[in-house]
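Here's the structure, in structure tokens; my notes come after.
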Amino acid sequence: MGSLRCPFSLPRPPKPPRGSTGATSFRLAAAAIGAGIGFAVGFSLESVADTSGSRRKPWSHASPIWASLSLADGPTGTSVEPRTGAAFPTVLDGGRRLTGIGLRKTSVLGLKNIDVYAFGVYADDSDMKELREKYGTFSVSELKENKEFISDVLDQDLRMTVRLQIVYNRLSIGSVRNAFAKTVGSRMQKFSGSDNRELLQRFTSLFKDEYKLPRGSVIDLSREQGYVLQIKIGGKEVGEIQSKLLCKSVLDLYFGEDPFDKRAKEDIQSGLASILQERCN
């Protein structure tokens, strides 16, 4: 594990006037604040629920942005995360289609909220037919409320990609590595009942210090056939690991029971349901 450094700085508190009777208590308070910041900015990326009513949803649930696009039409389009301006292609190479976009945020000491990265979740529409027999008679509105549907999408060998686009310009790869160690590790514990340290270490070790993450950098986390998790940074494959548990744990962060962005989960579930219904018509 690389050491973590504070990815941002806060203004120093003003010095008290000389001779002030509160000088000693001021220095103690300042030291406490500094220690707190140093501890918090291990950048654990604690999840912050997006409760803002001002953030527009990327698209209407009833009419996905890609609903009128054909894969045969060549270049499709992009969908933009409205808070950060991060743009995601509606179709990735290989035919995976965008189902929803969201935002990963963090809070430091309850003093400052930071937008860390925007993300888009893609699904291979040809693989969605695997769920046709079970869910083909359901409407989109019914599937949007169906917890078993999402559980099956997480569980089954369906090709999917989560694309992360960095929007915080001081994010280090070490922060990402440590955040995944915590969040993916907790999901693995939830699903398997054990910590799976060796598997988690194999995953996090792929995020090496040599990789830099300026604003706009892209990380792709893809579940490929055979429950293979493939990781790309900046379009370059950095490794892959065959593990159903790891694949499920990563995807669960974005549209599972307790996702990073609850609004995004709603869009993703609606997008997945729309693809399934489209394939069944």
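Quick note: the sequence shown uses my numbering, first residue 1, plus one each step.
C-beta: ideal position from N, C-alpha, C; glycine also.
Status (buried if at least 16 other CB within 10 Å, exposed otherwise) for N178: Burial call: buried.
Report buried or exposed for L199, applying the criterion of at least 16 other Cβ atoms within 10 angstroms of its Cβ. For L199, the number of other beta carbons within 10 angstroms of its own is at least 16, and it is reported as buried.
D209: buried (16+ other C-beta within 10 angstroms of its C-beta) or exposed? Around the beta carbon of D209, fewer than 16 other beta carbons lie within 10 angstroms, which makes this residue exposed.
Drop a sphere of 10 angstroms on the beta-carbon of D252, count the other beta-carbons inside from all chains shown, and report buried for 16 or more, exposed for fewer. Result: buried.
Name the one or two DSSP bridge partners that R223 has. Bridge partners of R223: M160, L229.
Between the C-alpha atoms of L276 and L206, what's the straight-line distance to the nearest angstrom? Straight-line measurement puts the Cα of L206 at about 33 angstroms from the Cα of L276.
Can you check DSSP and say which residues form a bridge with S186? DSSP, once it has assigned bridges, lists no residue as partnering S186.
How about Y211 and L164: do their beta carbons lie closer than 8 angstroms? Cβ distance not < 8 angstroms, so Y211 and L164 don't count as in contact.
Given S172 as reference, the closest of S217, G239, P259, K244 once Cα atoms are compared: Shortest Cα-Cα distance from S172 to any of S217, G239, P259, K244 involves S217.
Tell me which residue opens and which closes the alpha helix (DSSP H) that R132 is part of. For R132, the enclosing alpha helix (DSSP H) has its first and last residue at 132-135.
Count the other CB atoms, across all protein chains shown, that sit within 10 Å of the CB of Q225; report buried if there are 16 or more and exposed otherwise. Exposed: under 16 other Cβ atoms inside 10 Å.
Do you know offhand how far L98's Cα is from T84's? For L98 and T84, the distance between alpha carbons rounds to 18 angstroms.
Please report how far the alpha carbon of T137 lies from the alpha carbon of N113, in whole angstroms. Rounded to the nearest angstrom, the two C-alpha atoms are 43 angstroms apart.
For A181 and S139, I'd like the C-alpha separation in whole angstroms. Just so you know, the alpha carbons of A181 and S139 end up roughly 38 angstroms apart.
For N113: DSSP bridge partner residues: Its beta-bridge partners are S107.
Do you know how far the Cα of I166 is from the Cα of E81? Going by the C-alpha atoms only, they are around 12 angstroms apart.
In terms of residue numbering, what span does the alpha helix (DSSP H) encompassing S151 cover? Counted as a single uninterrupted DSSP element, the alpha helix (DSSP H) harbouring S151 occupies residues 147-155.
Tell me the DSSP secondary structure of G77 in three-state form. Here G77 carries a coil assignment [DSSP, helix/strand/coil].
Using the C-alpha atoms, what's the distance from D115 back to T106? Approximately 7 angstroms between the Cα atoms of the pair.
When the Cβ atoms of the region 234-252 are set against those of the region 145-165, are three or more pairs found closer than 8 angstroms? A contact exists between the region 234-252 and the region 145-165.
Between the alpha carbons of K134 and S126, how many angstroms are there, rounded? Straight-line spacing of the CA atoms in K134 and S126 works out to 16 angstroms.
Count the other CB atoms, across all protein chains shown, that sit within 10 Å of the CB of Q242; report buried if there are 16 or more and exposed otherwise. So Q242 counts as exposed.
Which stretch, first to last residue, makes up the alpha helix (DSSP H) that contains F207? Premise fails: F207 is in no alpha helix (DSSP H) and is neither H nor E.
Candidates K129, S151, D124: which alpha carbon is nearest D258's? Closest by alpha carbon: S151.
Where A86 falls: helix, strand or coil (DSSP): Three-state result, A86: coil.
Pick from G185, L213, G193 that is closest to T204, judged by C-alpha positions: It is G185 whose Cα lies nearest to the Cα of T204.
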